[in-house]
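A.B. asks:
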Amino acid sequence: MEGVRLLVPVGGSRGNILQACKLDGVVGIHLLLTRSLFPNPDTVKRMLQSLIDLGFETPVSVGFIDGPEAGPVGCRDSINEWKESGGDYVPDQIFVTGSTLLIVASLSRLFPSADLISLRRHEVLRLPEEELISILDPVEINEYLALHGMKLDEKGNLALDGHKLVAPPLDNCVMTGTKATLTWRWTSGCESQDEKKAQKKGAQLVGSSIKEIIESVGIGAFGFNAFGFGHYMSNSSDPKIVNTAKEEEE
69 MEGVRLLVPV GGSRGNILQA CKLDGVVGIH LLLTRSLFPN PDTVKRMLQS
119 LIDLGFETPV SVGFIDGPEA GPVGCRDSIN EWKESGGDYV PDQIFVTGST
169 LLIVASLSRL FPSADLISLR RHEVLRLPEE ELISILDPVE INEYLALHGM
219 KLDEKGNLAL DGHKLVAPPL DNCVMTGTKA TLTWRWTSGC ESQDEKKAQK
269 KGAQLVGSSI KEIIESVGIG AFGFNAFGFG HYMSNSSDPK IVNTAKEEEE
């Protein structure tokens with residue numbers, strides 16, 4: 069690939085932004101962001117700065133649309149408005165992900181000459197032939213955190229947009245597919261009244277921090293585990309979002 073203009077619709081995870089920046093031969097990347105996931109311009113500025121800080125040199129621009137949450141018609145109309153405001157911009161390739169299929173359907177109609185490419189594990193394939201065009205290194209956890217305005221210190225404490233979250237240190241933080249999974253674990257006992265109070269407080273702090281993360285980067289960017297907090301975790305978070313079953317940890 070040489071001299072490619074790449075259009076990247078961004079769904080629930082920002083991980084594909086990192087992989088797009090690693091592709092050889094790309095002269096410009098245009099990120100198509102949904103307003104629901106990026107309601108704050110400062111969040112976008114910090115994300116773009118993080119790409120520079122991580123050493124990526126490909127020029128990156130951004131556009132905004134209403135995503136699938138606006139409904140098929142609302143999403144399509146918003147994409148049409150974005151195209152009309154973009155002058156004669158025509159991408160050579162469009163990055164496809166499972167969470168952006170509705171968006172890509174409209175983009176394919178607007179840009180029929182653009183190739184569709186997709187990431188399968190670490191392989192970039194041209195669709196529909198599934199022709200291999202590149203093999204990329206896995207996304208590193210610190211890269212992924214940085215792209216979401218987050219940082220992990222040596223003790224396992226998370227910071228978001230420059231301030232330390234109130235949750236206790238993480239037990240584990242790893243990439244699982246295209247997103248990261250954050251795991252907290254209570255190991256300090258739960259027999260005495262003091263231990264139960266501390267356990268309850270820990271669950272509340274974890275729940276509060278998860279809520280803050282979701283409000284900042286959206287619901288699909290991270291997986292969350294919280295083990296050993298008992299019923300206190302169910303009272304402090306949404307069980308549909310936070311996994312508390314140890315057997316599902318892996």
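Going by the numbering used here, the sequence shown opens with residue 69, and the numbers climb by one from there.
A virtual CB, placed ideally from N, CA and C, is assigned to each residue, including glycine.
1) Using a Cβ-Cβ cutoff of less than 8 Å, which residues in the same chain neighbour K223 once the five nearest sequence positions on both sides are dropped?
2) Would the region 225-243 count as touching the region 268-284 if we require 3 or more Cβ pairs under 8 Å?
3) How many Å lie between A88 and L74 at the Cα?
4) What are the boundary residues of the alpha helix (DSSP H) that E33 is part of?
5) Please report the distance separating the alpha-carbon of D306 from that of V95.
6) Hey, is the region 141-148 in contact with the region 165-181, meaning 3+ C-beta pairs nearer than 8 Å?
7) Can you check the region 127-213 for any alpha helix (DSSP H) of at least 4 residues that lies completely inside it and give the ranges in chain order?
8) Please classify E317: does DSSP put it in a helix, a strand, or coil?
9) Express the C-alpha separation of V207 and F124 in angstroms, rounding to a whole number.
10) Flag this pair as yes or no: are the beta carbons of D134 and R114 separated by less than 7 Å?
11) Pull up the distance between the alpha-carbon of K265 and that of S304, whole angstroms please.
12) Considering G217, what are the terminal residues of the alpha helix (DSSP H) in which it resides?
13) Apart from the five residues on each side of it in sequence, which residues of its chain come closer than 7 Å, Cβ to Cβ, to A289?
14) How is K90 classed by DSSP in three states: helix, strand or coil?
15) Would T168 be called buried (16 or more neighbouring beta carbons within 10 Å of its own) or exposed?
16) In angstroms with no decimal places, state the Cα-to-Cα distance between W252 and C241.
17) Any idea which residues DSSP pairs R73 with across the strands?
18) Quick one: is E211 buried, meaning 16 or more other Cβ sit within 10 Å of its Cβ, or exposed?
19) Quick one: what's got a C-beta closer than 8 Å to S302's C-beta in the same chain, skipping five residues either side?
20) What is the rounded straight-line gap between the Cα of L187 and the Cα of G154?
C.D. replies: Walking through what the data contain:
1) P237
2) yes
3) 8 Å
4) Residue 33 falls outside the range modelled here, since the chain spans only 69 to 318, and no answer is possible.
5) 42 Å
6) yes
7) 139-153 and 169-178
8) Residue placement at E317 is poorly supported in this model, since its pLDDT is 42, which falls under 50; the coordinates still yield a value, given next. If DSSP states are grouped into helix, strand and coil, E317 belongs with coil.
9) 13 Å
10) no
11) 14 Å
12) Run containing G217: none; DSSP gives neither H nor E here.
13) G80, S81, R82, H216 and K247
14) helix
15) buried
16) 9 Å
17) G96
18) buried
19) T312
20) 26 Å
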